[in-house]
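Enquirer: Take this structure first; my questions come after.
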Amino acid sequence: MKTIPYLLILLRFISAMAILYSGYFVGEKSRMSIVILMYFGLLTDIFDGIIARKVGVSSEKLRRLDSQTDLVFWLSIGFATYWLNPEIIKDHWKGITVIFGMEVSCYIISFWKFGKETCTHAWISKFWGLSLLLAFTFLIGFGTANWTFYLCLILGFISHIDVIMIILILPKWQFDVPSSYHAWKIRKGKTIKKSVILN
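Quick note: to get this note's numbering, add 5 to the position in the sequence shown (first position is 1).
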(Lines of atoms letter the chains of each structure in order from A and count residues from 1; the text may use other names and numbers.)
(Lines give C-alpha, C1' and ligand atoms only; values in the text may rest on other atoms or scores of the structure.)
Protein backbone atom coordinates (compact mmCIF):
# COMPACT_ATOMS: atom_id res chain seq x y z
CA MET A 1 0.00 0.00 0.00
CA LYS A 2 2.86 2.41 0.77
CA THR A 3 4.06 2.26 -2.85
CA ILE A 4 0.65 3.08 -4.35
CA PRO A 5 1.00 6.91 -4.02
CA TYR A 6 4.32 6.72 -5.89
CA LEU A 7 2.78 4.50 -8.57
CA LEU A 8 -0.08 6.97 -9.02
CA ILE A 9 2.41 9.83 -9.44
CA LEU A 10 4.31 7.73 -11.98
CA LEU A 11 1.08 7.04 -13.88
CA ARG A 12 0.38 10.78 -13.99
CA PHE A 13 3.84 11.42 -15.40
CA ILE A 14 3.34 8.69 -18.03
CA SER A 15 -0.03 10.24 -18.88
CA ALA A 16 1.72 13.58 -19.39
CA MET A 17 4.17 11.99 -21.84
CA ALA A 18 1.28 10.30 -23.67
CA ILE A 19 -0.55 13.63 -23.91
CA LEU A 20 2.54 15.33 -25.37
CA TYR A 21 2.97 12.54 -27.91
CA SER A 22 -0.69 12.52 -28.89
CA GLY A 23 -0.96 16.28 -29.22
CA TYR A 24 2.16 16.64 -31.36
CA PHE A 25 2.22 13.48 -33.47
CA VAL A 26 -1.43 12.39 -33.67
CA GLY A 27 -3.10 15.80 -33.73
CA GLU A 28 -6.83 16.27 -34.25
CA LYS A 29 -7.69 12.60 -33.86
CA SER A 30 -6.26 12.60 -30.36
CA ARG A 31 -8.62 15.15 -28.79
CA MET A 32 -10.85 12.73 -26.90
CA SER A 33 -7.97 10.49 -25.83
CA ILE A 34 -6.16 13.53 -24.39
CA VAL A 35 -9.30 14.56 -22.49
CA ILE A 36 -9.58 11.02 -21.07
CA LEU A 37 -5.91 11.04 -20.05
CA MET A 38 -6.41 14.43 -18.43
CA TYR A 39 -9.28 13.18 -16.25
CA PHE A 40 -7.34 10.03 -15.45
CA GLY A 41 -4.38 12.15 -14.36
CA LEU A 42 -6.63 14.25 -12.15
CA LEU A 43 -7.92 11.10 -10.43
CA THR A 44 -4.37 9.94 -9.72
CA ASP A 45 -3.65 13.39 -8.26
CA ILE A 46 -6.65 13.14 -5.93
CA PHE A 47 -6.00 9.63 -4.70
CA ASP A 48 -2.23 9.75 -4.29
CA GLY A 49 -2.61 12.28 -1.46
CA ILE A 50 -5.56 10.50 0.15
CA ILE A 51 -3.81 7.12 0.14
CA ALA A 52 -0.49 8.63 1.25
CA ARG A 53 -2.11 10.07 4.37
CA LYS A 54 -4.04 6.85 5.07
CA VAL A 55 -0.89 4.70 5.01
CA GLY A 56 1.35 7.32 6.66
CA VAL A 57 3.76 8.12 3.80
CA SER A 58 2.78 11.76 3.17
CA SER A 59 6.37 12.96 3.48
CA GLU A 60 8.16 16.04 2.16
CA LYS A 61 9.76 13.91 -0.57
CA LEU A 62 6.40 12.59 -1.77
CA ARG A 63 4.69 15.98 -1.69
CA ARG A 64 7.52 17.64 -3.63
CA LEU A 65 7.46 14.83 -6.21
CA ASP A 66 3.68 15.18 -6.46
CA SER A 67 3.92 18.95 -6.93
CA GLN A 68 6.55 18.77 -9.68
CA THR A 69 4.68 16.00 -11.48
CA ASP A 70 1.58 18.20 -11.39
CA LEU A 71 3.57 20.95 -13.09
CA VAL A 72 4.78 18.60 -15.83
CA PHE A 73 1.26 17.19 -16.26
CA TRP A 74 -0.47 20.57 -16.72
CA LEU A 75 2.34 21.88 -18.94
CA SER A 76 1.94 18.86 -21.20
CA ILE A 77 -1.78 19.61 -21.52
CA GLY A 78 -0.94 23.26 -22.22
CA PHE A 79 1.43 22.33 -25.04
CA ALA A 80 -1.08 19.88 -26.48
CA THR A 81 -3.72 22.61 -26.39
CA TYR A 82 -1.43 24.94 -28.32
CA TRP A 83 -0.70 22.30 -30.98
CA LEU A 84 -4.41 21.58 -31.39
CA ASN A 85 -5.69 25.19 -31.13
CA PRO A 86 -2.84 27.56 -32.06
CA GLU A 87 -5.16 30.39 -33.10
CA ILE A 88 -7.10 30.37 -29.83
CA ILE A 89 -3.89 30.47 -27.81
CA LYS A 90 -2.46 33.28 -29.94
CA ASP A 91 -5.67 35.30 -29.49
CA HIS A 92 -5.34 35.05 -25.69
CA TRP A 93 -1.57 35.11 -25.34
CA LYS A 94 -1.52 38.10 -22.97
CA GLY A 95 -3.58 36.48 -20.23
CA ILE A 96 -1.76 33.16 -20.64
CA THR A 97 1.62 34.91 -20.46
CA VAL A 98 0.63 36.61 -17.19
CA ILE A 99 -0.22 33.24 -15.60
CA PHE A 100 2.99 31.64 -16.86
CA GLY A 101 4.96 34.63 -15.56
CA MET A 102 3.35 34.32 -12.14
CA GLU A 103 4.10 30.59 -12.03
CA VAL A 104 7.76 31.27 -12.78
CA SER A 105 7.76 34.04 -10.17
CA CYS A 106 6.54 31.60 -7.51
CA TYR A 107 9.52 29.35 -8.19
CA ILE A 108 12.01 32.22 -8.34
CA ILE A 109 10.80 33.73 -5.07
CA SER A 110 10.76 30.32 -3.34
CA PHE A 111 14.30 29.46 -4.49
CA TRP A 112 15.48 32.93 -3.55
CA LYS A 113 14.05 32.70 -0.02
CA PHE A 114 14.32 29.01 0.81
CA GLY A 115 16.55 27.38 -1.81
CA LYS A 116 13.69 25.02 -2.69
CA GLU A 117 10.77 25.01 -5.08
CA THR A 118 7.32 25.92 -3.83
CA CYS A 119 5.14 23.06 -2.59
CA THR A 120 2.17 24.70 -0.85
CA HIS A 121 -0.78 22.68 -2.25
CA ALA A 122 -2.93 25.66 -1.26
CA TRP A 123 -6.72 25.47 -1.24
CA ILE A 124 -7.30 28.12 -3.90
CA SER A 125 -4.80 26.31 -6.15
CA LYS A 126 -7.08 23.28 -6.03
CA PHE A 127 -10.00 25.37 -7.27
CA TRP A 128 -7.72 26.69 -9.99
CA GLY A 129 -6.89 23.10 -10.91
CA LEU A 130 -10.58 22.31 -11.31
CA SER A 131 -11.03 25.40 -13.50
CA LEU A 132 -8.04 24.25 -15.58
CA LEU A 133 -9.77 20.91 -16.03
CA LEU A 134 -12.96 22.57 -17.27
CA ALA A 135 -11.14 25.03 -19.52
CA PHE A 136 -8.98 22.34 -21.12
CA THR A 137 -12.02 20.09 -21.56
CA PHE A 138 -13.58 22.71 -23.83
CA LEU A 139 -10.30 23.78 -25.44
CA ILE A 140 -9.15 20.29 -26.31
CA GLY A 141 -12.43 18.43 -26.53
CA PHE A 142 -14.40 21.06 -28.45
CA GLY A 143 -11.80 23.54 -29.70
CA THR A 144 -13.39 26.55 -28.00
CA ALA A 145 -12.48 29.09 -25.30
CA ASN A 146 -15.64 29.94 -23.38
CA TRP A 147 -16.38 31.24 -19.87
CA THR A 148 -14.40 28.39 -18.30
CA PHE A 149 -11.25 29.75 -19.94
CA TYR A 150 -11.71 33.22 -18.46
CA LEU A 151 -12.62 31.77 -15.07
CA CYS A 152 -9.39 29.77 -15.24
CA LEU A 153 -7.35 32.93 -15.87
CA ILE A 154 -9.00 34.76 -12.95
CA LEU A 155 -8.52 31.88 -10.49
CA GLY A 156 -5.00 31.36 -11.77
CA PHE A 157 -4.13 34.98 -10.99
CA ILE A 158 -5.68 34.79 -7.51
CA SER A 159 -4.09 31.44 -6.64
CA HIS A 160 -0.62 32.61 -7.64
CA ILE A 161 -0.98 35.76 -5.55
CA ASP A 162 -1.90 33.51 -2.62
CA VAL A 163 1.12 31.24 -3.19
CA ILE A 164 3.48 34.21 -3.44
CA MET A 165 2.08 35.58 -0.18
CA ILE A 166 2.51 32.19 1.49
CA ILE A 167 6.16 32.07 0.43
CA LEU A 168 6.84 35.61 1.62
CA ILE A 169 5.04 35.14 4.95
CA LEU A 170 6.45 31.74 5.96
CA PRO A 171 9.48 32.03 8.26
CA LYS A 172 10.92 28.79 6.84
CA TRP A 173 10.11 26.43 3.97
CA GLN A 174 7.13 24.19 4.56
CA PHE A 175 4.94 22.01 2.38
CA ASP A 176 1.14 21.73 2.47
CA VAL A 177 0.17 25.23 3.59
CA PRO A 178 -3.56 25.74 2.83
CA SER A 179 -3.53 29.55 2.44
CA SER A 180 -1.67 32.77 3.19
CA TYR A 181 -3.85 33.04 6.31
CA HIS A 182 -2.46 29.72 7.54
CA ALA A 183 1.06 30.88 6.65
CA TRP A 184 0.48 33.89 8.89
CA LYS A 185 -0.66 31.60 11.72
CA ILE A 186 2.51 29.54 11.28
CA ARG A 187 4.59 32.73 11.41
CA LYS A 188 2.91 33.58 14.71
CA GLY A 189 3.94 30.19 16.10
CA LYS A 190 0.63 28.40 15.73
CA THR A 191 0.29 24.92 14.26
CA ILE A 192 -2.03 23.80 11.46
CA LYS A 193 -4.31 20.89 12.18
CA LYS A 194 -3.81 18.05 9.71
CA SER A 195 -7.58 17.92 9.27
CA VAL A 196 -7.53 21.22 7.34
CA ILE A 197 -4.98 19.95 4.81
CA LEU A 198 -6.53 18.27 1.79
CA ASN A 199 -4.73 16.56 -1.11
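Cβ atoms here follow ideal geometry from the backbone N, Cα and C, with glycine treated the same way.
Would you report the Cα separation of G148 and F154, rounded to the nearest angstrom?
Expert: Position 143 of the sequence shown, counting from 1, holds the residue named residue 148. Position 149 of the sequence shown, counting from 1, holds the residue named residue 154. Rounded to whole angstroms, G148 to F154 spans 12 Å at the Cα level.
Enquirer: From which residue to which residue does the alpha helix (DSSP H) around I39 run?
Expert: For the purposes of this step, residue 39 is taken as residue 34 along the sequence shown, with counting starting at 1. Here the alpha helix (DSSP H) through I39 covers R36 to V60.
Enquirer: If you measure between the beta carbons of S27 and S35, is that distance less than 8 Å?
Expert: Counting from one through the sequence shown, the residue named residue 27 turns up at place 22. Counting from one through the sequence shown, the residue named residue 35 turns up at place 30. When the beta-carbon positions are compared, S27 and S35 come within less than 8 Å of each other.
Enquirer: Got a sec, what are the start and stop residues for the alpha helix (DSSP H) C157 sits in?
Expert: For the purposes of this step, residue 157 is identified with residue 152 of the sequence shown, where counting begins at 1. Element bounds for C157: W152 to I174.
Enquirer: Would A85 and P10 qualify as a contact pair, given that the criterion is a beta-carbon distance under 8 Å?
Expert: Position 80 of the sequence shown, counted from the first residue, corresponds to residue 85. Position 5 of the sequence shown, counted from the first residue, corresponds to residue 10. No.
Enquirer: Flag F147 as yes if its beta-carbon sits less than 8 Å from any beta-carbon of chain C, otherwise no.
Expert: As a matter of chain content, chain C is missing from the structure shown, which is built from one protein chain.
Enquirer: State yes or no: is the C-beta of D167 within less than 8 Å of the C-beta of I129?
Expert: As a first step, residue 167 is located in the sequence shown; it is residue number 162 there, counting from the start. As a first step, residue 129 is located in the sequence shown; it is residue number 124 there, counting from the start. Yes, Cβ-Cβ distance for D167 and I129 is below 8 Å.
Enquirer: Given A23, which residues of its chain have a CB within under 7 Å of its CB, disregarding the five upstream and five downstream residues?
Expert: Locating residue 23 in the sequence shown gives position 18, counting from the first residue. Closer than 7 Å at the Cβ level, and outside the excluded window around A23, lie L42.
Enquirer: Apart from the five residues just before and just after V62, which ones in its own chain have a Cβ nearer than 8 Å to its Cβ?
Expert: Numbered from 1 along the sequence shown, position 57 holds the residue referred to as residue 62. Only K7 and P10 meet the Cβ criterion.
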